[in-house]
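Numbered as in the working numbering, the sequence shown ends at 320 without a single skipped number. Structure first, then comments.
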Amino acid sequence: LILLCPDACDAPPRFQSMRLKDPPKETYHPGDSVDYQCRPGYMRIVPPLRLSSVCQPDNTWQPLQEACTRKLCPPLGDPVNGQVNGSFQFGSVAHYSCNEGYQLIGQATLHCDLSENGVAWDVDPPHCERILCQPPGQIPNGITNSQKETYEYSEVVIYTCKPSSGPDKYSLVGEDKLICSGQNVWSSDPPECKVVKCKYPVPPDGELLSGYGTQFHYRDVVQLGCKTGFYLEGNKTVVCGANSAWEPELPRCIRVPAPPSTKPPVSTVSGPVPSTKPAVPTTTAVTPQDTLGGGVIAVIVLFVVAAIAVIVGICLYCYKKNKGKTDGV
-8 LILLCPDACD
2 APPRFQSMRL
12 KDPPKETYHP
22 GDSVDYQCRP
32 GYMRIVPPLR
42 LSSVCQPDNT
52 WQPLQEACTR
62 KLCPPLGDPV
72 NGQVNGSFQF
82 GSVAHYSCNE
92 GYQLIGQATL
102 HCDLSENGVA
112 WDVDPPHCER
122 ILCQPPGQIP
132 NGITNSQKET
142 YEYSEVVIYT
152 CKPSSGPDKY
162 SLVGEDKLIC
172 SGQNVWSSDP
182 PECKVVKCKY
192 PVPPDGELLS
202 GYGTQFHYRD
212 VVQLGCKTGF
222 YLEGNKTVVC
232 GANSAWEPEL
242 PRCIRVPAPP
252 STKPPVSTVS
262 GPVPSTKPAV
272 PTTTAVTPQD
282 TLGGGVIAVI
292 VLFVVAAIAV
302 IVGICLYCYK
312 KNKGKTDGV
C-alpha cells in the first residue's frame, strides 16, 4: 500500500493504555486524524492529555503520549492483627499476612481485575483470628499442670508421672512440655509414663567407669571399660532407652592377644666375636647332632694323644738304650 500510495502514513501507532476509538482504515493520507480512547482498566490522566493524532505531510504521525493510567481497586486496610502489602492498581496483587499467634481466614492474595466497566478485587479480603488449641490428650499414669478447655498460641502444657504403686518408678518417655504452635496443633505428641528398667550393663571381663548404681532407668547414662588384658569392642558410653534396652548395643570385652616373642633366635654356630667389652662367659645351647659330633672328636683326640704317647715312649726307650751302650764303652 505504501508503494501504491506514496503519500500515506503507516498504520496508527499502538499504545499500552490506549486503543483506536474507531476501526482502522486501510490507508491514511496527510491530514487524516485518528482518535484514541483508554483501554479497559485504564482512565484518563489528570490533567488530561491529547487523545488524537494527525497524519503529517511527511507521512509520519503526530507524536502522541500515553494519556491513560491504570484504574485503582478499592483501598485495602490492614486487617486487625495483620497487614496487607502490594499495589491497588489494575493488574496488581495484594498479599495478606497475620501477626504471630494469629491465622489467616480467607484467601491470602487478592487480584485487581476488570469488573464490568471498572476494576475490583477478585475475592473478599481475609481476616486474622487468634490461634487456639484444644487440650492435648491425657495419658495413663500421668497428669498435666492445667485443665483449661482451650489454649492460646504459645501456651504450654506440662506433663508429669504419678507415683508408682510398684517397686519401680514411672519414667516419662517423650517431651514433658507441649506448646500450642498452630490451630489445634501441638509441638509434639503427648509423652508416656511407663516403667523403664535396663539390665546391669557391665559385660564379662568388663567394669563400670561411671554411672554407678544397682538399678538403671530411662535416660541413665553409663561408661564402660574392660579389665587388664582385654580391650573394648563397641561404644564406651550407652544410654538406657525407652524400650528398656541399652542404646547403642552394649560393647564386648575381647582378650588382648599375646604379643610375639622378642627374644633373638638361638645360634648353632660358635666363633670369635670381636668386641671391645670384657669377655663374659656364655652358654651355647647344644643340639643332639652337636653332642654326637663332640663324642667322635673326643675319641679321635684320645687316639691321637695315645699314639703320641706311644711314639714318645719308644723314643725315650731307644734314647736310654743307646746312652747305656755309650757309658759301657
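Think of the CB as a built atom: it goes at the ideal place given N, C-alpha and C, for glycine as much as any other residue.
Cβ shell of residue i (< 6 angstroms), same chain only, five flanking positions each side left out
i: T141; result: L123
i: T135; result: V148, Y150
i: Q174; result: Q94, I122
Supposed close pair residue i, residue j - CB separation, criterion 8 angstroms
i: F207; j: K185; result: Actually they do not touch by this definition, with Cβ atoms about 15 angstroms apart.
i: L42; j: D26; result: 6 angstroms
i: Y144; j: G92; result: 4 angstroms
i: P181; j: L169; result: 7 angstroms
i: C152; j: G128; result: About 15 angstroms separates the two Cβ atoms, so there is no contact after all.
i: N50; j: D(-2); result: 7 angstroms
i: S52; j: P3; result: A quick correction: the sequence has Trp, not Ser, at residue 52. That belief holds up - the Cβ atoms of W52 and P3 are roughly 6 angstroms apart, short of 8 angstroms.
i: Y203; j: C231; result: Rounded, the Cβ-Cβ distance is 14 angstroms, inconsistent with contact.
Sub-8 angstroms separation of residue i and residue j beta-carbons
i: E146; j: G165; result: no
i: L199; j: V213; result: yes
i: A58; j: P39; result: yes
i: P65; j: C119; result: no
i: P242; j: P194; result: yes
i: Y33; j: K12; result: no
i: Q74; j: S88; result: yes
i: L101; j: A85; result: yes
Check: residue i C-beta below 7 angstroms from any heavy atom of the ligand NAD
i: D211; result: In the structure shown, the ligand NAD is absent, as is every other ligand, since no ligand is present at all.
Cutoff 8 angstroms: residue i Cβ touching any chain B Cβ
i: P48; result: Chain labels in this structure do not include chain B; a single protein chain is all it has.
Same chain, Cβ closer than 7 angstroms to residue i, five either side skipped, listed in chain order
i: Q98; result: V114, P117
i: P48; result: P21
i: C29; result: S8, M9, R35, C59
i: S201; result: V213, Q214
i: T228; result: V212, Q214
Residue i - partner residues in DSSP beta bridges
i: Y150; result: T135
i: V164; result: E183
i: T60; result: M34
i: F207; result: C189
i: D26; result: S43
Other residues of its chain near residue i: CB distance less than 8 angstroms, five sequence neighbours each side excluded
i: I96; result: P117, H118, C119, E120
i: N157; result: Strictly speaking, residue 157 in this sequence is Gly, with Asn absent from that position. So the list reads V186, once near-sequence residues are dropped.
i: S266; result: Note that S266 has pLDDT 45, beneath the 50 cutoff, so the model's placement of it is unreliable and the number below is only indicative. None.
Tell me whether the segment 243 to 251 and the segment 215 to 227 touch, counting them as touching only if at least three CB pairs, one residue from each stretch, are closer than 8 angstroms.
yes
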